[in-house]
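Read through the structure below, which is laid out as structure tokens, and then see the notes.
Residue numbers (the working numbering): 915 to 1374.
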């Protein structure tokens, strides 16, 4: 799995196709409100979608009948894909957002030719326009289903507003759609999804259980933990520890960077080195962030948030949706990488405990004690794609594989505006990589920081 941004998508020219619902049956309003993540995401919607997309390649030109059937079968599997959102007409209503669930039992898709893209730039431009238009959380469907067909090798692409998906969901999409397409292109063309794919968990049921969770009491130790952390941030959310040269409250065009930090062999040695020193690879990654901060600023403490998935039950391993919480972390630099990483690992338990309180509950409980000065938050994410649905197998299938890996799987994100920095570290069979989102004018400061991180992680 290659994690990148649309502006860095290596897209070969070809004919762009899209599949859209031929008819949309009237749905119903779900009896519980959106999740905490969805409410914060939708409340901050400024007319722009924040989408995630997944792509993979298939041999030869697209078999359009097979792909249409695959999309129809797949979208009916996951109830998150039947969801869109609406806003209350009266601004003073206690619940301003609603989940609308479309009837997709008999969903049928029609094919449309978007355009013949003759350059990679045209591909990115046309895909960006379609993803922006269709991945709209306030209309159904809140997703884009398409492909780039070519004579030798084609690309399947699907994108979704973030309100109905997360990074784990992109692995689910690639694995399941590629499996269905492979079966539909066989001679009998009559696969049964339940025989091919694991039972999906219900995202709507997950949302229902979250809504039934009571708000923490004022004296709850988790609220006290968040209060202490945010006070240490100056009554603000955590921000990048190096000066970005961007005044608070000022948005900037987004800069992007993707780089491989460790190749496959180096990453194996890194993992073993972490185990030998009794800490996790993610602990070492967070330690490298703290040590880089100390090198560049002499600050000993680095405060950040890190996302954690909430797929704690086996049934949610194959749930398509947004199942993520945020945990606070203070990285205190010690003498070296390993001692710092061990201290980080000791702090994980408390951080994970605090993540069981949603961001919305924290902000509601602390009220005026927290006053964010920037829209974005400094966060560090880590995902080991080898443990996700489909795994992180070699990009090219080997002859004789009973379950060939999707060819060249990629995850793309939208490029918009930014006022802070986010790092996404990813571990695959190819090695350890990092994708970075940042305000474009701060590129040099961010690149210098990444150089320090790379050097720290590369040192045994």
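From the three backbone atoms N, C-alpha and C, an ideal C-beta is built for every residue, glycine too.
The beta-bridge partner set that DSSP reports for residue 965 consists of 1075.
Counting other Cβ atoms within 10 Å of its Cβ, residue 1176 reaches 16 or more and is therefore classed as buried. For residue 1234, DSSP records no beta bridge to any residue. Residue pairing for residue 1334: DSSP places it in no beta bridge.
One thing to note: residue 993 has its Cβ no nearer than 8 Å to the Cβ of residue 1160. The secondary-structure analysis by DSSP pairs residue 1201 with nothing; it has no beta-bridge partner. Apart from sequence neighbours up to five positions away, the residues of its chain that approach residue 1333 with a beta-carbon distance below 7 Å are 1160, 1164, 1165, 1166, 1288, 1289, 1290, 1353, ordered along the chain. For residue 986, there is no enclosing beta strand (DSSP E); the enclosing alpha helix (DSSP H) has its first and last residue at 978-989. Comparing alpha-carbon positions, the option among 950, 1212, 1367 lying closest to residue 1198 turns out to be 1367.
By the neighbour-count criterion, in which a residue is buried when 16 or more other Cβ atoms sit within 10 angstroms of its Cβ, residue 1362 is exposed. For residue 1177, the enclosing beta strand (DSSP E) begins and ends at 1166-1177.
Under the criterion of beta carbons closer than 8 Å, residue 1042 and residue 932 do not qualify as touching, at roughly 13 Å.
The residue from 1015, 988, 1205 with its alpha-carbon nearest to that of residue 1156 is 1205. Residue 1324 holds the alpha-carbon nearest to the alpha-carbon of residue 1092 among 926, 1116, 1324.
With respect to residue 939, residue 1023 sits apart: the two C-beta atoms are not nearer than 8 Å. Under the DSSP assignment, residue 1352 falls in the beta strand (DSSP E) whose first and last residues are 1345-1353. Distances from the CA of residue 949 to each of 1235, 1357, 1343, 1284 were compared; the closest alpha carbon is that of 1235.
For residue 1326, the enclosing beta strand (DSSP E) stretches over residues 1321-1327. Segment contact: the region 1205-1223 against the region 1047-1059, fewer than three CB-CB distances shorter than 8 Å; contact not assigned. Within the same chain, 1221, 1338 come within 6 Å of residue 1295 by CB-CB distance, once the 5 residues on both sides are set aside. For the pair residue 928 and residue 1032, the Cα-to-Cα distance works out to about 7 Å. Pairing residue 1274 with residue 951, the inter-Cα distance amounts to about 8 Å. For residue 1081, the enclosing alpha helix (DSSP H) begins and ends at 1081-1098.
As computed with DSSP, residue 1056 is found in no beta bridge at all.
Runs of alpha helix (DSSP H) with 4 or more residues, each lying fully within the region 1107-1150, are found at 1107-1110, 1117-1125, 1135-1146, listed in chain order. Close CB contacts of residue 1237 within its chain, under the 8 Å cut and outside five residues either way in sequence, are with 1080, 1082, 1117, 1120, 1223, 1224, 1225, 1230 (chain order). In the structure shown, the three-state DSSP call for residue 917 is strand. If you draw a straight line from the Cα of residue 1373 to the Cα of residue 1253, it is about 14 Å long. Taking residue 1369 as reference, the option from 1174, 923, 1099, 1130 with the minimal CA-CA separation is 1174. Beta-bridge annotation (DSSP): residue 997 is paired with 1015.
Short of 6 Å from the beta carbon of residue 1089, and not among the five residues preceding or following it, lie these beta carbons of its own chain, in chain order: 1303, 1304.
Measuring C-alpha to C-alpha distances from residue 1011 to each of 1025, 934, 1364, 945 identifies 945 as the nearest. Leaving aside the five residues that flank residue 1040 on each side, the residues in its chain whose CB is nearer than 7 Å to its CB run, in chain order, 930, 1028, 1029, 1031.
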